[in-house]
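Undergrad: Right, I'll just put the structure down here and ask away after.
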Amino acid sequence: MTDLGALRSPEVPRAILAVPLGATEQHGPHLPLHTDTAIAVELCERLAARVAGVVVAPPLPFGSSGEHAGFAGTLSIGGPALELVVVELVRSADHFAATVLVNGHGGNAAPLARAVRTLRNEGRDVLSWAPSGRQDDSHAGRTETSVMLALRPAEVRLSAARAGNTEPLPRLWNRLRQGGVRTVSINGVLGDPDGACALEGEELLATWSDALVSTVRDWLGQ
1 MTDLGALRSP
11 EVPRAILAVP
21 LGATEQHGPH
31 LPLHTDTAIA
41 VELCERLAAR
51 VAGVVVAPPL
61 PFGSSGEHAG
71 FAGTLSIGGP
81 ALELVVVELV
91 RSADHFAATV
101 LVNGHGGNAA
111 PLARAVRTLR
121 NEGRDVLSWA
131 PSGRQDDSHA
141 GRTETSVMLA
151 LRPAEVRLSA
161 ARAGNTEPLP
171 RLWNRLRQGG
181 VRTVSINGVL
191 GDPDGACALE
201 GEELLATWSD
211 ALVSTVRDWL
221 GQ
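Position one of the sequence shown corresponds to residue 1 (UniProt numbering), numbered consecutively onward.
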């Protein structure tokens, strides 16, 4: 794995740039604010370990997190700003052969899709990817808690873990869009962390990593 931030300018290869996109936002009373960023970084590092010629950029730790307003620690730059940041970031990466954007936060999806359309219309080689399979356990539930137990166990407070709103996410969309997470979950959790464990988290990371590697190899024609 090559960490772009640790290189000197003459050492930077004409490689594939993997950019971890995360967030700094509440993840219930038991998970750290940088959960989405930590997951995106880990997946980029695993990609670089398995696909030759990938360099991992420093993460973007702020995203479109307005739905988590009202919970202490949440920092959001909003959708339009995120879209602009991604567009300008990829435009500046002309030294690299292509850019892979690995997104760890669901709220980034729409502005990221708009940014990718703009960049592709400009003829730039850019791919956006995010983990799947969190539809009804979308925020600080069993999935993310298990993954963080595998990645950063010292940062997880299982004693504080409590179920939040466990309704299927499609039923919550309208209320989420109108009033944010606080209107549907007092503790900020969408899902139930009960039963989370590091082994399950590692299995999820392996599955996501396999999917990311496969997607990138197909994109590169390998």
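By construction, the Cβ of each residue, glycine as well, lies at the ideal position given by its N, Cα and C atoms.
(1) Cβ atoms of PHE71 and GLY188: under 8 Å apart, would you say?
(2) Among PRO10, THR145, ALA52, PRO168, whose alpha-carbon lies nearest the alpha-carbon of LEU205?
(3) Output the residue ranges of the beta strand (DSSP E) runs that lie fully inside the segment 69-152 and measure 3 residues or longer, sorted by chain position.
(4) Of the residues SER128, ALA211, PHE96, which one's Cα is nearest the Cα of LEU4?
(5) Assess contact between the segment 44-55 and the segment 8-23, defined as three or more Cβ pairs (one per stretch) separated by less than 8 Å. Is contact present?
(6) Below 8 Å between beta carbons: does that hold for LEU191 and THR215?
(7) Which residues share a DSSP beta bridge with ASN165?
(8) Just to confirm, is the Cβ distance from LEU101 to VAL86 under 8 Å?
(9) Note down, in chain order, each residue of its chain lying with its Cβ closer than 7 Å to the Cβ of VAL90, except the 5 sequence neighbours on either side.
TA: A quick look at the data gives this:
(1) Taking 8 Å as the cut-off, the Cβ atoms of GLY188 and PHE71 count as close.
(2) Ranked by how close their Cα comes to the Cα of LEU205, the residues PRO10, THR145, ALA52, PRO168 have THR145 in first place.
(3) You should have 98-103, 126-129.
(4) Among SER128, ALA211, PHE96, the Cα nearest to that of LEU4 belongs to PHE96.
(5) Yes: the two stretches touch, three or more of their Cβ pairs being nearer than 8 Å.
(6) The sequence shown places Gly at residue 191, rather than the Leu named in the question. At least 8 Å separates the beta-carbon of GLY191 from that of THR215.
(7) Within the DSSP bridge table, the entry for ASN165 names LEU190 as partners.
(8) Yes, they are a contact pair.
(9) Excluding sequence neighbours, VAL90 sits near THR99, LEU119, ARG124, VAL126.
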